[in-house]
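**Q** When we follow the numbering used here, the leftmost residue of the sequence shown carries the number 884, and every step to the right adds one.
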Amino acid sequence: MKQSSDMRRILGGDSNIIQLIVITVLVFALMTWMNPDKFLRYYNFESISYIMPELGILSVAMMIAMLTGGIDLSVVGIANLAGIVAGVYFHSSMVQAAQASGSGMLFYTIIGILLALLVGLVSGLVNGLLIARLRITPILATLGTGQVLMGLALVLTGGPAIVGFPPDAWNWSVTAICSASPRLSFCSSRCASSWQFS
884 MKQSSDMRRI LGGDSNIIQL IVITVLVFAL MTWMNPDKFL RYYNFESISY
934 IMPELGILSV AMMIAMLTGG IDLSVVGIAN LAGIVAGVYF HSSMVQAAQA
984 SGSGMLFYTI IGILLALLVG LVSGLVNGLL IARLRITPIL ATLGTGQVLM
1034 GLALVLTGGP AIVGFPPDAW NWSVTAICSA SPRLSFCSSR CASSWQFS
């Protein structure tokens, strides 16, 4: 009952939400009319479900900063460095695992995810110290840390993409992502809605 009353309150009191819903419906109808054979295909919505959770969670991170009267321009840099740190670890560890016994994919995946979370935690701590302790304007602090993080990511890779994953590791990761896609979409939606209904 509480969620339904909250939904009525949002739709009735916030014209921006109604405008976004109308725009979404219009864009969906327009794309369906322009290219129905490709837009309404299953693989198109499957591809969207792979991409949108990541963008949705990053949007929530930016939203939280803006709700507190600040701004975070380092979100992309943090996400980029976190992904590259995890990717570099995946590459080195999974190549060794494939050469040894071909097992341990799940273990290395968990460690890689924890490393990515650690990058985000440390980056957020640095941003917090710069803004709260040193009294640096949020836009300047996060712009600087974002550039530093992008530079670190470039140093780690040297510029080229991370390639050369073992076939077993690649097949395992693709299967894991495909099976987790609905859950990722649900988690992203839940992260966004939790702030609206809290």
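Beta carbons: idealized from backbone N, C-alpha and C, even for Gly.
(1) Which residue from M935, M917, I934, V1031 puts its Cα closest to that of V1002?
(2) On the criterion of 16 or more Cβ atoms from any shown chain inside 10 Å, does L1023 qualify as buried, or is it exposed?
(3) Only counting the same chain, and skipping five residues up and downstream in sequence, which positions put a Cβ closer than 7 Å to that of M945?
(4) Quick one: what does DSSP say G970 is sitting in, helix, strand or coil?
(5) Start and end of the alpha helix (DSSP H) containing V943?
(6) Closest by CA to T1025, which one among I967, T992, G953?
(7) Do you know how far the Cα of F973 is from the Cα of G995?
(8) Which value, in whole angstroms, describes the spacing of the CA atoms of I947 and I904?
(9) Should Y991 go down as buried or exposed, given a rule of 16 or more other Cβ atoms within 10 Å for buried?
(10) Mapping DSSP to helix, strand and coil, what is S957?
(11) Taking Cβ to Cβ, would you say S930 is nearer than 8 Å to I961?
(12) Answer with buried or exposed for T1020, where buried requires no fewer than 16 other C-beta atoms within 10 angstroms of its C-beta.
(13) So what's R1016 in DSSP terms, helix, strand or just coil?
**A** Per the coordinate set shown:
(1) Mapped onto the sequence shown, residue 1002 falls at position 119. Selected option, being the one with the closest Cα: V1031.
(2) Your numbering for residue 1023 matches position 140 in the sequence shown. Looking at its Cβ environment, which holds fewer than 16 other Cβ atoms inside 10 Å, L1023 is exposed.
(3) For the purposes of this step, residue 945 is identified with residue 62 of the sequence shown, where counting begins at 1. Counting only Cβ-Cβ distances below 7 Å, and skipping sequence neighbours, we find D955, V958.
(4) Residue 970 sits at position 87 when you count from the first residue of the sequence shown. Helix at G970.
(5) For this step, residue 943 is matched to residue 60 along the sequence shown. Note, V943: alpha helix (DSSP H), 925-950.
(6) Counted from its first residue, the sequence shown places residue 1025 at position 142. Minimum Cα distance to T1025 is reached at G953.
(7) If you number the sequence shown from 1, residue 995 lands on position 112. If you number the sequence shown from 1, residue 973 lands on position 90. Whole-angstrom Cα-Cα distance: 6 Å.
(8) To locate residue 947, count along the sequence shown from 1; it is residue 64. To locate residue 904, count along the sequence shown from 1; it is residue 21. Their backbone Cα atoms lie some 22 Å apart in a straight line.
(9) Along the sequence shown, read from residue 1 onward, the residue named residue 991 stands at position 108. Answer is buried; the Cβ neighbour count reaches 16.
(10) Numbered from 1 along the sequence shown, position 74 holds the residue referred to as residue 957. In the structure shown, S957 sits in coil (DSSP, three-state: anything other than H, G, I, E or B).
(11) Indexing the sequence shown from 1 puts residue 930 at position 47. Indexing the sequence shown from 1 puts residue 961 at position 78. No.
(12) Counting from one through the sequence shown, the residue named residue 1020 turns up at place 137. Exposed is the call here.
(13) Here residue 1016 corresponds to residue number 133 of the sequence shown, with the count starting at 1. Correct three-state label for R1016: helix.
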